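In what follows, a structure is listed as structure tokens, so that the remarks can point back to it.
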Amino acid sequence: MEMLQQLRTQVQDVMQNAIKLPTTPIRLRDLIRQVRAARTQADERAVVNRECADIRSNFREEDTTWRCRNVAKLLYIHMLGYPAHFGQLECLKLVASHRFTDKRIGYLGAMLLLDEDHEVHILITNCVKNDLNNANQYVAGLALSALGEISSPVMCRDLAGEVERLLKSNNSYLRKKAVLCAFRMIQKVPSLKDGFVPQMQALLSEKNHGVLLTGMVLIRQMCEMGNDELIKFRKMVPSIVRKFKDLIGSGYSPDHDVTGISDPFLQVKILSLLKVLGKNDAEASDQMNDVLATVATNTDGTRNVGNAILYESVLAIMDVKSESGLRVLAVNILGRFLMNPDKNIRYVALNTLLKTVHLDNTAVQRTRSTVLDCLKDPDVSIRRRAMELSFALVNPTNVKSMAKELLTFLETADNEFKQQCSSSLFVMCEK
1372 MEMLQQLRTQ
1382 VQDVMQNAIK
1392 LPTTPIRLRD
1402 LIRQVRAART
1412 QADERAVVNR
1422 ECADIRSNFR
1432 EEDTTWRCRN
1442 VAKLLYIHML
1452 GYPAHFGQLE
1462 CLKLVASHRF
1472 TDKRIGYLGA
1482 MLLLDEDHEV
1492 HILITNCVKN
1502 DLNNANQYVA
1512 GLALSALGEI
1522 SSPVMCRDLA
1532 GEVERLLKSN
1542 NSYLRKKAVL
1552 CAFRMIQKVP
1562 SLKDGFVPQM
1572 QALLSEKNHG
1582 VLLTGMVLIR
1592 QMCEMGNDEL
1602 IKFRKMVPSI
1612 VRKFKDLIGS
1622 GYSPDHDVTG
1632 ISDPFLQVKI
1642 LSLLKVLGKN
1652 DAEASDQMND
1662 VLATVATNTD
1672 GTRNVGNAIL
1682 YESVLAIMDV
1692 KSESGLRVLA
1702 VNILGRFLMN
1712 PDKNIRYVAL
1722 NTLLKTVHLD
1732 NTAVQRTRST
1742 VLDCLKDPDV
1752 SIRRRAMELS
1762 FALVNPTNVK
1772 SMAKELLTFL
1782 ETADNEFKQQ
1792 CSSSLFVMCE
1802 K
């Protein structure tokens, strides 16, 4: 009997001290199914709380096998709006891993869960520096993306030299990522732009459209940050115009063609840069007048892709010191936009005309009849913009006809328009 009792005690001790085998955590797709299957908010919270408890348990046990899976699930929980800050250090551990799949999730988690105000992000600096020097372009690309997203001013200063080196890389994928990272870095530390300016001339001779597009974005940012950089880059206007002409006349390219238009994304970015370079500068404006006229005349406006380019060309023409004939062409484009069946395009046209009516009132007067037709549009936002533009178009020669049209509009206008319309009519008549 005594031996039986001893045996029973030993069995209980073994059971109490037995090592529990770790259970395999559920996959991300299974968690998503469970969340979507929840019928109420309370059911969803229960699913999330249960999964967070399991994830915390795995983190405490330093389970490296399933760390990547657990962090991926935690990021999904974070995207649902639940707290996930307890996974910050686990993200750093994944970033320090040698496996690409771990690094990918780790950097994604760092970008979602960290920002420059967290002290934890200081610990990632050395890992980012090592990955920027990694021979694998995709690992270096992850580091560049994370650096641009979560870097503090201190990190930017510490790692600016690595980014400058990658700007000179022979790999176009890394150059593109490095340019975008430099863009974010000079926003946080403007003094760093001096180190990136020497590489900009080389970017303008790029053949890779991705690198060229990001280069245009970076150059524009530099121009907007300081007058010294603006003066330097105005000397490059002939090179930019030449590159733009080559793009327009390049013909069909399967890699860049969008509904018959060669790389509209790059065209829009070039036009946006030209607008900044030509503002208040007659010489630079004169150098780009021909290419602006070519784009405004030859771009197909039957599709949204073409309309985007035409709209950007109109903004450039109105901002630079362009010729009067070119301004008339820009206003005519906006007039065609007013007759577009897409109400978004009509609204954009009215908004742009309202901003530019003081620059060339005579040219905008050509669209008067179309603007008055917009007063009958079923969309309330379009009617409001049309009313504001109509009053802006009033002058001594058309005051009687415009007053008649606006009084007709006032009779049937919504209550929200009547006060503004009637007071504007009185002001108009006093003038």
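Numbers given in the working numbering equal positions in the sequence shown, counted from 1, plus 1371. Just so it is clear, CB atoms sit at the ideal spot from N, CA and C, and this is done for glycine as well. Just so we're clear, the structure is a prediction, and the values are computed from it rather than from any experiment.
If the five residues before and after Met-1659 are omitted, its C-beta is found closer than 6 angstroms to the C-beta atoms of Val-1612, Leu-1645 and Gly-1649, all from its own chain and listed in chain order.
With 16 or more neighbouring CB atoms inside 10 Å of its own CB, Glu-1533 falls in the buried class. Fully contained in the segment 1410-1463 are the following alpha helix (DSSP H) runs of length 4 or more, in chain order: 1412-1431 and 1438-1450. If you ignore the 5 residues before and after Gln-1638, its C-beta comes within less than 7 angstroms of the C-beta of Leu-1618 and Ile-1680, all in its own chain and listed in chain order.
DSSP, reduced to helix, strand and coil, places Ile-1632 within a strand of the structure shown. Pro-1635 counts as buried, since at least 16 other C-beta atoms from the protein chains shown sit within 10 angstroms of its C-beta.
For Leu-1503, the CB contacts under 6 angstroms within the same chain, skipping 5 residues up- and downstream, are Ala-1511, Ala-1514 and Glu-1533 in chain order. DSSP places Lys-1650 in the strand class (E or B) of the three-state scheme.
With a threshold of 16 other beta carbon atoms within 10 Å, Glu-1432 falls short and is exposed.
In the structure shown, Val-1685 falls within a helical segment according to DSSP collapsed to helix, strand and coil.
Around the C-beta of Ser-1740, fewer than 16 other C-beta atoms lie within 10 Å, and the residue is accordingly described as exposed. Restricting attention to Asp-1750, Gly-1622 and Glu-1535, the CA atom closest to the CA of Ala-1553 is found in Glu-1535.
About 4 angstroms separates the CB atoms of Leu-1721 and Arg-1756; that is less than 8 angstroms, so the two are in contact. Look at Val-1560 here: in three-state DSSP terms it is coil, with no helix or strand label. Ranking Ile-1426, Leu-1463, Lys-1464 and Thr-1435 by CA distance to the CA of Ile-1448 puts Ile-1426 first.
Here Leu-1760 is not near Val-1719, since their CB atoms are 8 angstroms or more apart. Taking a contact as a CB-CB distance under 8 angstroms, the pair Met-1587 and Lys-1640 counts as one, their CB atoms being some 4 angstroms apart. Counting the other CB atoms within 10 Å of its CB gives Leu-1705 a total of 16 or more, which places it among the buried residues. Val-1691 has Lys-1650 as its beta-bridge partners, per DSSP. DSSP places Glu-1787 in the uninterrupted alpha helix (DSSP H) bounded by 1786-1801.
Excluding residues up to 5 positions away in sequence, nothing lies with its Cβ nearer than 7 angstroms to the Cβ of Arg-1407 in the same chain. No residue range can be given for Glu-1577, since it is assigned to no alpha helix (DSSP H) and is classified by DSSP as neither H nor E.
Non-local C-beta neighbours of Gly-1458 in its own chain, meaning closer than 7 angstroms and more than five positions away in sequence, comprise Val-1442, Leu-1445, Gly-1480 and Leu-1484, ordered along the chain.
Under the Cβ criterion (8 angstroms, minimum of three pairs), the segment 1458-1472 does not count as touching the segment 1412-1421. Secondary structure at Val-1728: coil, using DSSP grouped into helix, strand and coil.
In the DSSP assignment, Cys-1527 falls within the unbroken alpha helix (DSSP H) covering 1524-1538. Val-1765 carries a coil assignment under DSSP once its states are collapsed to helix, strand and coil. Counting only the Cα atoms, Leu-1764 lies some 26 angstroms from Ala-1664. If you look at Met-1482, you'll find it in the alpha helix (DSSP H) that goes 1471-1484.
Excluding sequence positions up to five before and after Val-1608, its CB lies within less than 6 angstroms of the CB of Leu-1648, Ala-1655 and Gln-1658, all in the same chain and listed in chain order.
Comparing alpha-carbon positions, the option among Met-1593, Gly-1622, Asn-1579 and Glu-1776 lying closest to Pro-1569 turns out to be Met-1593. Relative to the Cα of Ile-1495, the nearest Cα in the group Phe-1708, Tyr-1544, Ala-1467 and Asp-1744 belongs to Ala-1467. Sequence-distant Cβ neighbours of Gln-1736 in its own chain, meaning closer than 7 angstroms and more than five residues away, are Leu-1764.
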